[in-house]
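Undergrad: In my numbering, the protein residues as written are 540 to 693.
Even for Gly, the Cβ is constructed at its ideal location relative to N, Cα and C.
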Amino acid sequence: MAISAHERPPAPSTPPRWASDDRRWTESQTEPSIGNLISEIGADLSHLVRDEIELAKAEIKQESTKAGKAVGMLGGAGYAGHLALLLGSLTIVFALAHVMDIAWAALIVTAVWAVAGAILYVNGRKQLRTVNLKPEQTVEAVKEDVRWARHPIS
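1. Got a sec? Which residues, its chain only, sit under 8 Å from Val632 by beta carbon, not counting five neighbours each side?
2. Decide yes or no for the touch test of the region 601-608 against the region 616-626: beta carbon pairs closer than 8 Å, at least 3 of them.
3. Mind reading off the beta-carbon distance from Gly663 to Leu613? Whole number of angstroms is fine, and I expect it under 8 Å.
4. Just tell me which of Leu635, Ser572, Ala609, Leu584 has its CA closest to the CA of Val685.
5. Tell me where the alpha helix (DSSP H) around Ala487 begins and ends.
6. Check the C-beta distance from Leu659 over to Ala597 and give it rounded, since I have them as a contact under 8 Å.
7. From this set, Lys682, Leu667, Glu679, Ala636, which residue's C-alpha is nearest Lys608's C-alpha?
8. Under a Cβ-count criterion, where at least 16 other Cβ atoms within 10 Å of its own Cβ denotes burial, should Thr677 be classed as buried or exposed?
9. Is the separation between the beta-carbon of Val681 and that of Glu591 shorter than 8 Å?
10. In angstroms with no decimal places, state the Cα-to-Cα distance between Ile577 and Ala688.
11. If Val670 sits next to Ala595, beta carbons under 8 Å apart, how far is it from one beta carbon to the other, in whole angstroms?
12. Taking DSSP as the reference, what is the three-state secondary structure of Asn671?
13. What runs of the alpha helix (DSSP H), each 4 residues or longer, lie entirely inside the region 568-638?
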């Protein structure tokens with residue numbers, strides 16, 4: 540059974556949110572007190588700091604993921620290089636032993652795998668250098684916030 544608009548009790552007039560904060564504040568005044576303004580500034584500043592921290596966390600997580608992938612590649616390259624060096628070298632050394640002395644064959648194979656390892660190391664190192672763990676967006680946002688706090692009108 541629905542209640543019509545004329546049967547509903549009048550909605551209680553809720554006091555403004557600042558009424559409980561400052562007893563001197565009345566509905567006839569048009570400006571909040573300094574205490575209320577400072578309280579709002581504190582709440583806004585707290586919210587701003589939380590947002591900046593969340594941004595920094597997101598940036599660091601993104602860069603850490605990039606670093607983890609690069610380190611994983613380096614580890615994989617090392618493991619693959621080790622297996623290839625061990626098993627492939629033996630095969631090639633024994634194959635070359637039919638053409639030359641086994642010692643020279645082993646030296647040639649070792650030099651080839653050393654070059655391959657150096658190439659993998661250089662590429663992994665180059666990729667790892669592209670990782671930037673400094674949260675650039677957060678630093679810029681904080682600098683902008685500081686500039687605004689110093690000169691809020693401009």
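TA: Based on what the coordinates show:
1. For the purposes of this step, residue 632 is taken as residue 93 along the sequence shown, with counting starting at 1. Only Ile641, Ala644, Ala645, Val648 meet the Cβ criterion.
2. no
3. For the purposes of this step, residue 663 is taken as the residue at position 124 of the sequence shown. For the purposes of this step, residue 613 is taken as the residue at position 74 of the sequence shown. So it is a contact: roughly 4 Å between Cβ atoms.
4. Locating residue 685 in the sequence shown gives position 146, where the first residue counts as 1. Among Leu635, Ser572, Ala609, Leu584, the Cα nearest to that of Val685 is on Leu584.
5. The shown model of the chain, from 540 to 693, leaves out residue 487, and the question about it has no answer.
6. As a working mapping, residue 659 is identified with position 120 in the sequence shown. As a working mapping, residue 597 is identified with position 58 in the sequence shown. Leu659 to Ala597, Cβ: 32 Å. No contact.
7. In the sequence shown, the residue the question calls residue 608 occupies position 69. Looking at the Cα atoms, Leu667 is the closest of the given residues.
8. For the purposes of this step, residue 677 is taken as residue 138 along the sequence shown, with counting starting at 1. By the neighbour-count rule (16 or more Cβ atoms within 10 Å), Thr677 is buried.
9. For the purposes of this step, residue 681 is taken as the residue at position 142 of the sequence shown. For the purposes of this step, residue 591 is taken as the residue at position 52 of the sequence shown. Against a cut-off of 8 Å, the Cβ pair of Glu591 and Val681 comes out as a contact.
10. Along the sequence shown, read from residue 1 onward, the residue named residue 577 stands at position 38. Along the sequence shown, read from residue 1 onward, the residue named residue 688 stands at position 149. Rounded to whole angstroms, the separation of the alpha carbons of Ala688 and Ile577 is 14 Å.
11. Walking along the sequence shown from the start, residue 670 turns up at place 131. Walking along the sequence shown from the start, residue 595 turns up at place 56. The pair is not a contact, with the Cβ atoms about 16 Å apart (cut-off 8 Å).
12. Along the sequence shown, read from residue 1 onward, the residue named residue 671 stands at position 132. If DSSP states are grouped into helix, strand and coil, Asn671 belongs with coil.
13. 573-622, 628-635
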